[in-house]
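Asker: Numbering (the working numbering), first residue to last: 67 to 216.
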């Protein structure tokens, strides 16, 4: 049983690590896509390259999210796994990661507010979606690095 617990824990952290890579690249590529659209460069080869990388990062996000959910379902179905992998440490890290999510979303919105002075950002959907993704990234990153440190 201990081997299975360690394997699931490693698999969960590996999925979370790749999810962070995918989510961070999605945010950066969405911003690049927005600024390329503002400069009418989306129809150029660089725009297509950014679009291809964005689709790839979304596929990585989807695959890792499915992996994280499947591990979570297996943990919830087995009481021994649930006790070992969803312990007080994980619960407290999840609760404290919400603060990081809030500040991540606020920080992304503030970044857009500061950017407004230098470069007009006129797409409220892009601002809202990127702020939400920034909050999600901050939540996942906070959980991952705090869990790894413990």
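Where is the CB? At the ideal position from N, CA and C, for every residue including glycine.
The structure presented is a predicted model; accordingly, all values stated were derived computationally and were not measured.
(1) Heavy atom of the ligand SAH less than 7 Å from the Cβ of residue 167, yes or no?
(2) Since residue 126 contacts residue 182 with CB under 8 Å, what's their CB separation in whole angstroms?
(3) Excluding five sequence neighbours on each side, which residues of the same chain lie with their C-beta closer than 7 Å to the C-beta of residue 152?
(4) Helix, strand or coil for residue 187 per DSSP?
(5) Let me make sure I understand the geometry here. Which of 200, 201 and 79 has the alpha-carbon closest to that of residue 134?
(6) Determine the extent of the alpha helix (DSSP H) in which residue 75 is found, giving its start and end residues.
(7) Per the contact definition of three or more C-beta pairs closer than 8 Å, is the region 183 to 201 in contact with the region 108 to 121?
(8) Do residue 95 and residue 136 count as a contact pair if the criterion is CB distance below 8 Å?
Answerer: Reading off the structure:
(1) This structure lacks the ligand SAH; in fact it carries no ligand of any kind.
(2) Incorrect: roughly 31 Å between the Cβ atoms, too far for contact.
(3) 141
(4) coil
(5) 79
(6) 68 to 104
(7) no
(8) no
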